[in-house]
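K.L.:
In our numbering, each number is its position in the sequence shown, counted from 1, plus 34.
C-beta atoms are modelled at their ideal positions from N, C-alpha and C, and glycine is treated no differently.
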Amino acid sequence: MKSVIITGGGSGLGAALAEEYAKKYKVILIGRTLMKLTMVKDVLVQRGQHADCYACDVTSMEEVKHVFGQLFQQEDIHMLINNAGSGIFGPLEKFTEEEVNLLLDINVKGPLFTTMTALPYLKEKAEGQIMNIISTAGLRGKINESVYCASKFAVRGFTESLVKELDGTGISVTAVYMGGMDTPFWEDSDHVKDKSRFKTPEQVAVQIAAEDTGKAEIFIDR
Ligand SMILES: NC(=O)c1ccc[n+]([C@@H]2O[C@H](COP(=O)([O-])OP(=O)(O)OC[C@H]3O[C@@H](n4cnc5c(N)ncnc54)[C@H](OP(=O)(O)O)[C@@H]3O)[C@@H](O)[C@H]2O)c1
35 MKSVIITGGG SGLGAALAEE YAKKYKVILI GRTLMKLTMV KDVLVQRGQH
85 ADCYACDVTS MEEVKHVFGQ LFQQEDIHML INNAGSGIFG PLEKFTEEEV
135 NLLLDINVKG PLFTTMTALP YLKEKAEGQI MNIISTAGLR GKINESVYCA
185 SKFAVRGFTE SLVKELDGTG ISVTAVYMGG MDTPFWEDSD HVKDKSRFKT
235 PEQVAVQIAA EDTGKAEIFI DR
């Protein structure tokens, strides 16, 4: 059975995407907290769907190489969904060096490391798909989101380049842009005062799966 790796699969959009993609694939959930991943996996398995999970910090190339190396040996991996991400918001001068590094590590280096590791395997099979979950913060700048936008613009540039670089290889690359979703992403932040108009991650996941034809861009919001 073909498998899909979903990073950040233990909560929010990643968990909702697992629900959608488990209808067609075995889903392999990746994240740092095994307990959250296991809870999502167990629900799918109890329903008779195929799922597995692995603890892996995608900011560590060593961990990514170890876990992905194992996965690509054991599974028929068709798709990688780079969904893991984090947000810190506020005026730029209030950021610490650690906060800048944290956002760039998880939001930019995370998808780079996983994709760099997955590509040789996908290229050997000459088929597959990379999907990068970006944000409308990758389409335009926003007040108090300078570092987050910088990270998401970076992933957009990365994704658009890969679309061209992998043209003709059998591997499709998809960028997904969405606005606010009511997920644990906002738990430690007062950046958004009113989340009542946010979409649910489930709504967004349904729309992504419905529009996922391997095309280069999916716009949930602009
Ligand atoms: N929520 C929004 O309004 C919104 C809007 C547009 C785009 N997005 C994007 O959507 C994606 C999913 O976010 P979400 O809203 O679903 O938030 P979320 O519930 O906080 O999900 C993020 C997931 O990423 C995992 N993660 C964080 N750092 C990681 C690391 N170093 N290695 C592996 N996994 C890691 C987290 O699990 P662990 O902490 O256990 O590792 C968590 O399960 C993100 O890329 C975010 O930027 C969110």
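(1) Taking only the alpha-carbon atoms, compute the straight-line gap between residue 254 and residue 107 and give it to the nearest angstrom.
(2) DSSP has residue 211 in a bridge; who is on the other side?
(3) List the whole-angstrom C-beta distance separating residue 36 from residue 112, where the pair is believed to meet the contact cut-off of C-beta under 8 Å.
(4) Using only the heavy atoms of ligand 1, determine whether one of them is closer than 7 Å to the beta carbon of residue 45.
(5) Could you tell me if residue 149 is buried or exposed, where buried requires 16 or more neighbouring beta carbons within 10 angstroms of its beta carbon?
(6) Alpha carbons only, please: which of 93, 115 and 173 is nearest the one belonging to residue 143?
(7) Which of helix, strand or coil does DSSP assign to residue 198?
(8) Rounding to the nearest angstrom, what Cα-Cα distance links residue 64 and residue 102 in this structure?
(9) On the three-state DSSP scale, how would you describe residue 163?
(10) By a C-beta neighbour count over all protein chains shown, 10 Å radius and 16 as the cutoff for buried, is residue 195 buried or exposed?
(11) So if DSSP puts residue 275 in a beta bridge, which residue, or which two residues, is it bridged to?
(12) Return the first residue and the last residue of the beta strand (DSSP E) that residue 116 is part of.
(13) Measure the Cβ-Cβ separation of residue 205 and residue 162 and say whether it is below 8 Å.
(14) Going by C-alpha distance, which of 76, 54 and 250 is nearest residue 190?
(15) State yes or no: is the C-beta of residue 175 nearer than 7 Å to some heavy atom of ligand 1?
P.N.:
Quick look at the numbers:
(1) Each residue's alpha carbon lies about 34 Å from the other.
(2) Under DSSP, residue 211 shares a beta bridge with 253.
(3) That pair is a contact at about 4 Å.
(4) Yes.
(5) The residue in question, residue 149, is buried, as its Cβ has 16 or more Cβ neighbours within 10 Å.
(6) Closest option to residue 143, Cα to Cα, is 93.
(7) Three-state result, residue 198: helix.
(8) In a straight line, the C-alpha of residue 64 is about 10 Å away from that of residue 102.
(9) Here residue 163 sits in strand by DSSP.
(10) Counting Cβ neighbours within 10 Å, residue 195 comes out exposed, since fewer than 16 surround it.
(11) The chain is shown only over 35 to 256; residue 275 falls outside these bounds and no answer can be derived.
(12) For residue 116, the uninterrupted beta strand (DSSP E) run begins and ends at 110-116, by DSSP.
(13) In contact: residue 205 and residue 162 (Cβ atoms closer than 8 Å).
(14) Of 76, 54 and 250, the smallest CA-CA separation from residue 190 is found for 250.
(15) Not so, every heavy atom of ligand 1 lies at least 7 Å from the Cβ.
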